[in-house]
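Asks:
Protein chains: 2
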Amino acid sequence: MTRPGEAAWLRRYDPQAFPPFAVTVDLAILTVRDGSLQALLVRRDEHPFRGWWALPGGHLHHGAESADAAARRELVEETGIDSTAEGLHLEQLATYSDPQRDPRIGAGLQVVSIGYVALAPGLPEPVAGTDAAEAAWWPVDALTESLAFDHARILVDAVERVRAKVEYSTVATSFLTEPFSLTELREVYRAVWGVAPDPANFRRKVLATAGFVRPAELVGSPTTVGGRPPELYRRGDAVLITPPLARPATGPAAPGP
Amino acid sequence: MTRPGEAAWLRRYDPQAFPPFAVTVDLAILTVRDGSLQALLVRRDEHPFRGWWALPGGHLHHGAESADAAARRELVEETGIDSTAEGLHLEQLATYSDPQRDPRIGAGLQVVSIGYVALAPGLPEPVAGTDAAEAAWWPVDALTESLAFDHARILVDAVERVRAKVEYSTVATSFLTEPFSLTELREVYRAVWGVAPDPANFRRKVLATAGFVRPAELVGSPTTVGGRPPELYRRGDAVLITPPLARPATGPAAPGP
DNA sequence: ACAAAAGTGTTAATAGTACACCCATGA
DNA sequence: TCATGGGTGTACTATTAACACTTTTGT
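Same order as they appear, the protein sequences are chains A and B. For what it's worth, our numbering labels the leading residue of the first sequence as 27, then goes sequentially. For what it's worth, our numbering labels the leading residue of the second sequence as 27, then goes sequentially.
(1) Use the C-beta contact count for B:Glu100: other C-beta atoms within 10 angstroms, 16 or more gives buried, fewer gives exposed.
(2) In three-state terms, what does DSSP make of A:Phe47?
(3) The alpha helix (DSSP H) that contains A:Ala234, what's its start and end?
(4) Am I right that B:Ile267 and B:Thr196 are in contact with their C-beta atoms under 8 Å? What's the rounded C-beta distance?
(5) Quick check: the Cα distance between B:Trp219 and B:Arg189, rounded to an integer number of angstroms?
(6) Can you name the start and end residues of the alpha helix (DSSP H) that B:Val221 belongs to?
(7) What residues in the segment 121-134 of chain A bring their beta carbon closer than 7 Å to a beta carbon of chain B?
(8) Residues of chain A with a CB under 8 Å from the CB of B:Glu91: which are they?
(9) Please report the residue range of the beta strand (DSSP E) in which A:Glu117 lies.
(10) Let's see if you can read the secondary structure: which residues bound the alpha helix (DSSP H) around A:Tyr194?
(11) Indicate the three-state DSSP secondary structure (helix, strand or coil) for B:Pro281 in the structure shown.
(12) What residues from chain B crowd round A:Tyr39, counting only those whose CB sits closer than 7 Å?
(13) Can you give me the start and stop residues for the alpha helix (DSSP H) that A:Ala33 sits inside?
(14) Whose CA, out of A:Pro255, A:Val214, A:Arg261, A:Gly253, lies closest to the CA of A:Ala236?
(15) Would B:Ser172 be called buried (16 or more neighbouring beta carbons within 10 Å of its own) or exposed?
(16) Looking only at its own chain, which residues have a Cβ that is under 6 Å from the Cβ of B:Gly113, when we skip the five neighbours before and after it?
(17) Span of the alpha helix (DSSP H) holding B:Ala97?
(18) Compare the C-beta of A:Trp219 with all C-beta atoms of chain B and state if any pair is closer than 7 Å.
(19) To the nearest angstrom, how far is the alpha carbon of B:Gly61 from that of B:Gln126?
(20) Quick one: list the residues of chain A neighbouring B:Glu171, beta-carbon separation under 8 Å, in chain order.
(21) Any Cβ of chain A within less than 7 Å of the Cβ of B:Glu32?
(22) Distance, Cα to Cα, B:Arg179 vs A:Leu63?
(23) Output, in chain order, the set of chain B residues within a Cβ distance shorter than 8 Å of A:Ala234.
(24) Tell me whether A:Ala207 sits in a helix, a strand or coil according to DSSP, three-state version.
(25) Should A:Arg212 and A:Phe228 be called a contact, given that it needs their Cβ atoms to be closer than 7 Å?
(26) Taking C-beta to C-beta, are A:Leu81 and A:Asp52 nearer than 7 Å?
(27) Is it a yes or a no for the segment 64-84 of chain B touching the segment 158-168 of chain B, going by three-plus beta-carbon pairs under 8 Å?
(28) Would you check if the distance between the CB atom of A:Ser139 and the CB atom of A:Tyr122 is smaller than 7 Å?
(29) For a contact defined as C-beta to C-beta under 9 Å, what are the partners of A:Leu36 on chain B?
(30) Express the C-alpha separation of A:Gly134 and A:Ala264 in angstroms, rounding to a whole number.
(31) Please identify the residue among A:Val137, A:Ala234, A:Ile55, A:Gly132 whose C-alpha is closest to the C-alpha of A:Thr105.
(32) At the level of alpha carbons, what is the spacing between A:Asp167 and A:Ala184?
(33) Considering just the uninterrupted stretch of the beta strand (DSSP E) at A:Gly141, what are its terminal residues?
(34) For A:Leu233, count the other beta carbons within 10 Å of its own beta carbon; 16 or more makes it buried, fewer makes it exposed. Which is it?
(35) Identify the contact partners of A:Ala48 in chain B, using a Cβ-Cβ distance below 7 Å as the criterion.
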């Protein structure tokens, strides 16, 4: 494309003409462990909010990467999760830009953060990141307070996004390692929603949705302690579920007023 | 909240330690005019992309406003639309941060843009903004190319968001001025989807969804040229449609592979 | 044989689709 | 009274929710 006069204009352009913004990414990394939805938090060892629990994240590398790339990089750095690992789902959530969200506004720096949601299969104990900061899985129902910056808000938005998204998409499979049983998949829904779908109807819905799952070749090792061993499946190609899986009426995940 | 040592730390903080980012908002302002979905574009009279058609937008006022506030401000400045006007719907879409998306990266400035979607009732001819730049409504089907920056991509994302969102939410009413008939509402769906729902079933679905619309008190002026005058409605309180309105199978809006 | 977990059947209710038909109005 | 668009009825089909029931395994 030709843009007349732009090359000359660019040579005279002064990037200092704009006051400084900093751009960060923050990741709500979610998994299902022990039957509950949990988020990975790290304890900050730098100001601001030194000593507080926070979402993993960091600054964009200026001129070198997009927010997507930065999110992938942070995911690896902070958790050791390979960004191409099986089942991993990473998507942009929203951008948080309130001037008061970061105290560094007091020093003249406005920090804008691009929030991401990552879904990963249940992992063992958290791997401390390269920053050697403390890291731990926290059940999301146990906290909506006391996080650094506006991270509590970001986390709530992330959880709400996931609760809605498993209704009309197949992302729930991202929480499982292949191969998996339909009961395990149903347990994911129980953890995310706080209430489990009917086993029979759930099975029919999943199997009737082309591309939700596909049968695994070999019958799995009989790791179950007793009872009939389950048929095993792998993730399919489909992304959307139409019509959506209906969330059961009332559950402990949505306490009344 | 107490954050020990942070006040002293902040006094010594150097905001110049980070390379400069600029943060902008870009608005996909959509309306339904002449039976088609149209977007408001402005012709840029400044570098970069001088003379190109672009989405309305601009820089965040540093230290003074969030992206939401900036989007509302730009909406007023560029279009004269009051951000509290009836029916107006404004929501964040996504954030675009590829280093190459803005040529000013060549001068050392990385520009990150937060995209917004605005839905507004059909408006008369576009009001030139305070920048006196040329402005016009363009049918969205007529262009996915030749826009400044990555605005074609943002616009495509915005249209896709709206096409999906009218299925499970009541935002379609944002395209209409009150009071409106159900036929007018159905015409919105035709414009957005490219295919119209069945009139009878559409009527039943809308009226069966509590809070989608509510009856208007007075019967409207008989502006129709002939035929039975329609019953008129206003927007209701509901936001979500469960289960969703199904988009008819095949239509010109979704060409096959 | 029994317990436990997986998987299947059945039925009533609900919701959606397609299309025919009736109603109210202006010219 | 006729053309025009608004609004209703209806038969048929597909989907869902709820729950009872059968199958397969380990001990």
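The beta-carbon is built from N, C-alpha and C at its ideal position, and this holds for glycine as well.
Replies: In brief:
(1) That one is buried.
(2) Residue state, collapsed to three classes: strand.
(3) First-last of the alpha helix (DSSP H) with A:Ala234: 225-234.
(4) Their Cβ separation, rounded to whole angstroms, is 6 Å, which keeps B:Ile267 and B:Thr196 in contact under 8 Å.
(5) Looking at the two C-alpha atoms, the distance is approximately 6 Å.
(6) Membership of B:Val221 in any alpha helix (DSSP H) is not indicated, and neither H nor E is assigned to it by DSSP.
(7) Flagged, chain order: Thr121, Ser123, Asp124, Pro125, Pro129, Arg130, Ile131, Gly132, Ala133, Gly134.
(8) Near B:Glu91 (Cβ distances below 8 Å), the residues of chain A are Pro125.
(9) Its beta strand (DSSP E) spans residues 115-122.
(10) Here the alpha helix (DSSP H) through A:Tyr194 covers 177-194.
(11) The pLDDT assigned to B:Pro281 is 30, lower than 50, so where the model puts this residue is not dependable; a value taken from the coordinates is nonetheless given after this. Here B:Pro281 sits in coil by DSSP.
(12) The answer, in chain order, is Arg130, Ala133.
(13) From DSSP, the alpha helix (DSSP H) with A:Ala33 extends over 32-37.
(14) Residue A:Arg261 is the option with its Cα nearest to A:Ala236.
(15) Exposed, since its Cβ has fewer than 16 Cβ neighbours within 10 Å.
(16) Contacts found: Pro147, Ser200.
(17) Segment 93-105, the alpha helix (DSSP H) holding B:Ala97.
(18) Not closer than 7 Å to any Cβ of chain B, the Cβ of A:Trp219 fails to qualify, so no.
(19) Distance between the alpha carbons of B:Gly61 and B:Gln126 is about 36 Å.
(20) Contacts between B:Glu171 and chain A, judged by CB atoms closer than 8 Å, are missing: the closest CB pair is about 10 Å apart.
(21) So yes, B:Glu32 belongs to the interface.
(22) Cα-Cα distance, rounded: 34 Å.
(23) Listed along the chain, the chain B residues whose CB falls inside 8 Å of the CB of A:Ala234 amount to none; the nearest CB is some 16 Å away.
(24) The sequence shown places Ser at residue 207 of chain A, not Ala. The three-state secondary structure of A:Ser207, taken from DSSP, is strand.
(25) Yes, the pair counts as a contact, with Cβ atoms nearer than the cut-off.
(26) In contact: A:Leu81 and A:Asp52 (Cβ atoms closer than 7 Å).
(27) Yes: the two stretches touch, three or more of their Cβ pairs being nearer than 8 Å.
(28) Less than 7 Å divides the Cβ of A:Ser139 from the Cβ of A:Tyr122.
(29) Chain-ordered, the chain B residues with CB closer than 9 Å to the CB of A:Leu36 read His73, Pro74, Pro129, Arg130, Gly132, Ala133.
(30) Roughly 47 Å separates the two Cα atoms.
(31) Checked all of A:Val137, A:Ala234, A:Ile55, A:Gly132; the closest Cα to A:Thr105 is A:Ile55.
(32) Approximately 13 Å between the Cα atoms of the pair.
(33) Counting along the chain, the beta strand (DSSP E) containing A:Gly141 begins and ends at 136-145.
(34) By the neighbour-count criterion, in which 16 or more other beta carbons inside 10 Å mark a residue as buried, A:Leu233 falls on the exposed side.
(35) Chain B residues near A:Ala48: Phe44, Phe47.
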